[in-house]
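In this note's numbering, the protein residues as written are 1354 to 1698.
In what follows, a single structure is set out as structure tokens and then discussed.
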Amino acid sequence: MKNNLGILGGGQLGMFICQAARKYGIKTTVFSESKNFSAKKFCDNFLIGSFFDQNLISEFINSSDFFTIETENIPITVLKLIEKNKKIFPCSRIVEIAQNRLKEKKFLNSIKGVKTAEFEKIDNYSKLKKIYKLFGEVGILKSCEMGYDGKGQYLINDKNINNFKNYDLNGYILEKLLDFKKEISVIICCSKKNTVIYPPVENIHKSSILRESIYPARINNKIKNKAILLAKKIATKLKLKGILAIEMFLMKDDELLINELAPRPHNSGHWSLDFCKYSQFESLIFSIFKEKLFQPNPTASCKMINVIGKDYEEKRKLSKKYKFYDYFKNDIKRLRKMGHYTFKN
């Protein structure tokens, strides 16, 4: 029986994947570029080093039967090297789309009935100024790669646009600033035989970092069903095997625009650890090692709250009242996710 899973990345998502794998008798090997990582206490084996160390990557490939990621920011060359002989869930083609905002938006807008915010590729300051004016003299400048939790994003307006005169803007897009009602997300998981959906949750951000997720999202059934339909359309077009989180904006006219894709478990799905029969991490394991997925079957209305930076020491004390998850990170940084807690809403 094939029961070894290689995980690229060792953060908190990797930690939860390891825990889910162990529950079903799956052995895990984590590849981490950092010496101190959240999954270290929970994996069966680990390798520490550079993704560009070919000998170490070869050892990692030989360690496992199947592979998955806990961050999309893995060199695509590494994923394709693994795929020469083994399978990754989701596959490298999907990860490559999600790694690059320009590719991602072009892909999403190619699907009938799927739309994103208006955007334009930016190559230089002249193009930035031209598109900025077309977008009403405001917009969000985003790097195409390595952008997460607000990194590589800048709100552009008449007060600061001149600051970007000397920036190398190759590899950026300008996105129209949206006046939306809510942010929601849907998680979809696909195996050979079936698909399961974690219904929409409502997400609250501060400083571009997720602070709270509320299940169920405070939306009507029509919007809920539309969000699920969009998730299915995207997963079908991708020929998804594995898990995918889809972030959406709910506009004031009730239109849904896709924000971005994450081909991995998602922060907004952590509520499923306590309030679903099967968590998002279990569904990922099933999609890799079983042909059939089980319905998540949510058990209660609930809320998940992230513990950020220096709030860690104070919020950790709430663990007597709420279910607290520690990410076991050594350094407390200002906007770093240190843990989360969940409770019935």
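Cβ atoms here follow ideal geometry from the backbone N, Cα and C, with glycine treated the same way.
Every value quoted in this text rests on a predicted model; they were computed, and no experiment measured them.
Neighbourhood of residue i by C-beta distance below 7 Å, restricted to the same chain and skipping five residues each side
{"i": "D1511", "result": "E1490"}
{"i": "T1613", "result": "Here residue 1613 turns out to be Glu, not Thr, going by the sequence shown. Closer than 7 Å at the Cβ level, and outside the excluded window around E1613, lie E1457 and E1600."}
{"i": "L1508", "result": "I1493"}
{"i": "G1378", "result": "N1356"}
Outcome for residue i when other beta-carbon atoms lying within 10 angstroms are tallied against a minimum of 16
{"i": "A1653", "result": "exposed"}
{"i": "T1695", "result": "buried"}
{"i": "Q1407", "result": "exposed"}
{"i": "H1619", "result": "buried"}
{"i": "I1599", "result": "buried"}
{"i": "Y1445", "result": "Here residue 1445 turns out to be Ser, not Tyr, going by the sequence shown. That one is buried."}
{"i": "K1495", "result": "buried"}
{"i": "F1647", "result": "exposed"}
{"i": "M1691", "result": "buried"}
{"i": "T1421", "result": "buried"}
{"i": "I1572", "result": "buried"}
{"i": "K1579", "result": "buried"}
{"i": "G1364", "result": "buried"}
Sequence-distant residues of its chain with Cβ nearer than 6 Å to residue i (five each side left out)
{"i": "F1404", "result": "P1428 and V1431"}
{"i": "F1472", "result": "K1458, I1526 and E1528"}
{"i": "E1461", "result": "The displayed chain sequence assigns Leu, not Glu, to residue 1461. Once the five neighbours on either side are set aside, the close Cβ partners of L1461 are V1467, T1469 and I1611."}
{"i": "K1590", "result": "I1464"}
Residue i (DSSP reduced to helix, strand or coil)
{"i": "N1612", "result": "strand"}
{"i": "Y1675", "result": "coil"}
{"i": "Y1701", "result": "Since the first residue shown for the chain is 1354 and the last is 1698, residue 1701 is missing from the structure and cannot be characterised."}
{"i": "L1688", "result": "coil"}
{"i": "L1591", "result": "helix"}
{"i": "F1384", "result": "strand"}
{"i": "N1462", "result": "helix"}
{"i": "A1598", "result": "strand"}
{"i": "G1662", "result": "helix"}
{"i": "I1379", "result": "coil"}
{"i": "K1728", "result": "The chain is shown from 1354 up to 1698; residue 1728 falls before or after that span and cannot be answered."}
{"i": "G1359", "result": "strand"}
Straight-line Cα distance separating residue j from residue i
{"i": "C1543", "j": "K1486", "result": "42 Å"}
{"i": "G1362", "j": "D1607", "result": "37 Å"}
{"i": "K1643", "j": "A1374", "result": "12 Å"}
{"i": "K1388", "j": "D1679", "result": "18 Å"}
{"i": "K1465", "j": "K1594", "result": "21 Å"}
{"i": "I1414", "j": "N1574", "result": "45 Å"}
{"i": "N1357", "j": "D1532", "result": "46 Å"}
{"i": "I1562", "j": "G1505", "result": "13 Å"}
{"i": "R1617", "j": "L1637", "result": "8 Å"}
{"i": "I1685", "j": "K1656", "result": "24 Å"}
{"i": "N1702", "j": "K1645", "result": "Nothing about residue 1702 can be read from this structure; the chain reaches only from 1354 to 1698."}
{"i": "T1424", "j": "F1390", "result": "13 Å"}
Own chain residues within Cβ distance below 8 Å of residue i, not counting five before or after
{"i": "N1394", "result": "In the sequence as presented, Asn is not what sits at residue 1394; that position holds Lys. Counting only Cβ-Cβ distances below 8 Å, and skipping sequence neighbours, we find M1368 and F1681."}
{"i": "C1629", "result": "Y1551, P1649, N1650, P1651 and T1652"}
{"i": "E1386", "result": "I1401, G1402, S1403 and F1404"}
{"i": "N1477", "result": "L1522 and N1523"}
* Only counting runs of 3 or more residues, tell me where the beta strand (DSSP E) segments fall wholly within the segment 1523 to 1582, in order along the chain. => Counting whole runs of 3 or more residues, the segment 1523 to 1582 contains the beta strand (DSSP E) stretches 1525 to 1528, 1533 to 1543, 1548 to 1559 and 1562 to 1568.
* Asked: Which parts of the segment 1464 to 1520 are runs of the beta strand (DSSP E), unbroken and 3 residues or longer, counting only runs that do not cross its ends?
  -> For the segment 1464 to 1520, whole beta strand (DSSP E) runs of length 3 or above, ordered along the chain, are 1472 to 1475, 1492 to 1496 and 1506 to 1509.
* To do: Run through the segment 1387 to 1459 for me and flag every whole alpha helix (DSSP H) of 4 or more residues, listed as ranges in chain order.
  => Within the segment 1387 to 1459, the complete alpha helix (DSSP H) runs of at least 4 residues are 1407 to 1416, 1429 to 1435 and 1445 to 1452.
* **Runs of beta strand (DSSP E) lying entirely within the segment 1612 to 1648, each at least 3 residues, in chain order** => For the segment 1612 to 1648, not a single whole beta strand (DSSP E) run of length 3 or above is found.
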